[in-house]
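Chains as they are written, first to last, in the working numbering: chain A, 15 to 128; chain B, 4 to 116. Here's the structure we're looking at; comments come further down.
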């Protein structure tokens, strides 16, 4: 979807290094989310944001931090990457805090931690 | 612990026939349900939703049924088309507590021409 872009699309990093994934939206939606997708688990919420500088933890937040200094950008940081964080990461946006009408997802970032 | 379960990892259907994808949930507080469709190397796209005040919602070839007493929902696709081949995720939330959707593990649908 042109309204939401994730960068990078692919990344290979070494254990112990910091990694930042970026989500950029042009829809001016208030709510932004970071999910990870793993086999056998579906998509699981890491962190979400309900406004600039307003963030909260999701189901699997350990080892991750986020920041939102502008409406359009939501950054996900792995302070010290571990192999268990190898995953596909999806950013999503929503006008509604209750997800009415569903989220719009980005195309994902495939992260491999070696 | 998985609060939303899709017990069939895969499903194959002939073109033109009905596809039925199933989803079960454990949390009786869930009151809003979504289905998403996902193609390889793309993000999930929203397909259809249903609120707990309804037991059916229809959008073209797609119908979602909700059975609250059984904590079960299903997605019917009629008629199935080859372009429907994708992974389908169901998701559920408790709107009273806000923002988190819980997703199932997905069912990979293959529609055979």
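Built from N, CA and C at the ideal position, the CB exists for glycine as well. This one's a predicted model, so the numbers in the text were calculated from it and none came from an experiment.
List, in chain order, every chain B residue whose beta-carbon is nearer than 9 Å to that of residue 119(A).
To locate residue 119(A), count along the first chain from 1; it is residue 105. Correct list: 39, 41, 45, 46, 47, 48 and 49.
Does residue 12(B) pass the burial test, meaning 16 or more other C-beta atoms within 10 Å, or should it be called exposed?
The sequence position of residue 12(B) within the second chain is 9, counting from 1. That one is exposed.
Within the segment 65–95 of chain A, note down every full beta strand (DSSP E) run reaching 3 residues or more, in order along the chain.
Listed in chain order, the complete beta strand (DSSP E) runs (minimum 3 residues) inside the segment 65–95 of chain A are 68–71, 78–84 and 87–92.
From the beta carbon of residue 64(B), is the nearest beta carbon of chain A less than 8 Å away?
Mapped onto the second chain, residue 64(B) falls at position 61. So no, residue 64(B) is outside the interface.
What does the alpha-carbon distance come out to for the pair residue 50(A) and residue 120(A)?
Taking the first chain and counting its residues from 1, one reaches residue 50(A) at position 36. Taking the first chain and counting its residues from 1, one reaches residue 120(A) at position 106. Going from the Cα of residue 50(A) to the Cα of residue 120(A) covers about 12 Å.
With three or more C-beta pairs closer than 8 Å as the rule, is the segment 16–29 of chain A touching the segment 71–83 of chain A?
Judged by Cβ distances under 8 Å, the segment 71–83 of chain A makes no contact with the segment 16–29 of chain A, as fewer than three pairs qualify.
May I have the straight-line CA-CA distance separating residue 54(A) from residue 108(B), to the nearest angstrom?
The residue labelled residue 54(A) in the question sits at position 40 within the first chain. The residue labelled residue 108(B) in the question sits at position 105 within the second chain. When rounded, the distance between both Cα atoms is 6 Å.
Do the segment 90–99 of chain B and the segment 19–38 of chain B make contact, defined as three or more Cβ pairs closer than 8 Å?
Yes: the two stretches touch, three or more of their Cβ pairs being nearer than 8 Å.
Within the 8 Å Cβ cut-off, does residue 28(B) reach chain A?
The residue given as residue 28(B) occupies position 25 in the second chain. Not an interface residue.
For the candidate residues 47(B), 54(B), 82(B) and 104(B), whose alpha-carbon lies nearest to that of residue 16(B)?
On the second chain, position 13 is the one that residue 16(B) refers to. It is 82(B) whose Cα lies nearest to the Cα of residue 16(B).
Using a Cβ cut-off of 8 Å (strictly closer), state whether residue 52(B) contacts chain A.
Here residue 52(B) refers to the residue found at position 49 of the second chain. Closer than 8 Å: yes.
Quick one: what does DSSP say residue 98(B) is sitting in, helix, strand or coil?
In the second chain, the residue the question calls residue 98(B) occupies position 95. Looking at residue 98(B) - three-state DSSP - the assignment turns out to be helix.
Quick one, which of 110(A), 88(A) and 43(A) has its alpha-carbon nearest residue 60(A)'s?
Within the first chain, the letter at position 46 stands for residue 60(A). Answer by Cα proximity: 88(A).
Please list, in chain order, the chain A residues whose beta carbon lies closer than 7 Å to that of residue 107(B).
Sequence index remark: in the second chain, residue 107(B) carries index 104 (1-based). Under the 7 Å cutoff, chain A gives 56.
Out of curiosity, what's the CA-to-CA distance linking residue 101(A) and residue 20(B)?
Along the first chain, one-based indexing puts residue 101(A) at 87. Along the second chain, one-based indexing puts residue 20(B) at 17. Taking the straight line from one Cα to the other gives about 35 Å.
Counting only C-beta atoms, is residue 73(A) closer than 8 Å to chain B at any point?
Taking the first chain and counting its residues from 1, the one referred to as residue 73(A) is at position 59. So yes, residue 73(A) belongs to the interface.
For residue 98(B), go through chain A and note every residue whose CB falls closer than 7 Å to its CB, in chain order.
What you label residue 98(B) is simply residue 95 of the second chain in a count that begins at 1. Neighbours of residue 98(B) on chain A, chain order: 112.
Using only alpha-carbon positions, find the residue among 117(A), 95(A) and 112(A) that is nearest to residue 126(A).
The sequence position of residue 126(A) within the first chain is 112, counting from 1. With distances taken between Cα atoms, residue 126(A) lies closest to 95(A).
Could you spell out the range, first to last residue, of the beta strand (DSSP E) harbouring residue 28(A)?
On the first chain, residue 28(A) is found 14 positions in, with the first residue counted as 1. Looking at the DSSP string, residue 28(A) is not in any beta strand (DSSP E), and its letter there is neither H nor E.
Sorted by chain position, which residues of the same chain lie with C-beta nearer than 8 Å to residue 97(A)'s C-beta, five sequence neighbours on each side aside?
Taking the first chain and counting its residues from 1, one reaches residue 97(A) at position 83. Result list for residue 97(A): 29, 127 and 128, in chain order.
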